[in-house]
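S.K.: Numbering (the UniProt record's numbering), first residue to last: 1 to 135. Don't be surprised by glycine CBs; every beta carbon is placed ideally from N, CA and C. Take this structure, written in structure tokens, and hold onto it; I'll ask about it next.
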Amino acid sequence: MPYIIHVPQIPRPFISNNPNIFMDCHSWGWNVESRPYSDSFCRAARNQENARFEGDRRAEQLEGYWTAELERRERMIDTGTPAATNVERNDAKIILASTRVFGKHVKNDSVQGVVEFMQPKGLVVQVVEVDEWDL
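This is the structure:
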């Protein structure tokens, strides 16, 4: 059964028949799909890969991404580093607040406005106000 695996930061999905890669990627929170053999998307994607002579290379690339992620997660367990969450992608939202004037701005002052953070789950945000930047 073909599996469609969307590797983060890679625009084109990979197609694999390896259930180990599918299950690991699914447990890591990557976008994965299981399709029937007769699926038109899988057939078209494989035909496109074959037309570009990249069928074997794409399989090797997916295996490389999978191996690198597996090693990274094992290193995190060995060193006691906490696992990364999806906070950066899902919960954190940056909203530009209305522009506040802090007094006279000096030459080349980069303060144009204030950035306000919406508090994501489990994180503490501290707001520090600055009166003026003197360079």
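Identify whether F53 lies in helix, strand or coil by the three-state DSSP scheme.
M.R.: Numbered from 1 along the sequence shown, position 53 holds the residue referred to as residue 53. Three-state result, F53: coil.
S.K.: From Y3 to E60, what does the alpha carbon distance come to, in whole angstroms?
M.R.: Position 3 of the sequence shown, counting from 1, holds the residue named residue 3. Position 60 of the sequence shown, counting from 1, holds the residue named residue 60. The alpha-carbon atoms of Y3 and E60 are separated by roughly 15 Å.
S.K.: So, at 8 Å on beta carbons, what are the nonlocal neighbours of R35 in its own chain, with the 5 sequence-adjacent residues on each side left out?
M.R.: Within the sequence shown, numbered from 1, the residue matching residue 35 stands at position 35. Answer for R35: M1, P2, Y3, I4, F41 and C42, listed in chain order.
S.K.: Give the single residue among T79, D78, W66 and M76 whose Cα lies nearest to the Cα of M23.
M.R.: Translated into positions along the sequence shown, residue 23 becomes position 23. Checked all of T79, D78, W66 and M76; the closest Cα to M23 is W66.
S.K.: Can you list the alpha helix (DSSP H) stretches of 4 or more residues lying completely in the stretch 1–30, in chain order?
M.R.: Runs found: 19–27.
S.K.: Between T81, H6 and P13, which lies nearest to R46 when the distance is taken from Cα to Cα?
M.R.: The sequence position of residue 46 within the sequence shown is 46, counting from 1. Measuring from the Cα of R46, the nearest candidate turns out to be P13.
S.K.: Please determine, among I15, G80 and E74, the residue with the shortest C-alpha to C-alpha distance to Q48.
M.R.: Position 48 of the sequence shown holds residue 48. When only C-alpha atoms are compared, the closest one is I15.
S.K.: In whole angstroms, what separates the C-alpha of P11 from that of G64?
M.R.: Along the sequence shown, read from residue 1 onward, the residue named residue 11 stands at position 11. Along the sequence shown, read from residue 1 onward, the residue named residue 64 stands at position 64. So the alpha carbons of these two residues sit roughly 16 Å apart.
S.K.: Can you tell me which of N20, P19, H26 and N18 puts its alpha carbon nearest to the alpha carbon of V7?
M.R.: Translated into positions along the sequence shown, residue 7 becomes position 7. It is H26 whose Cα lies nearest to the Cα of V7.
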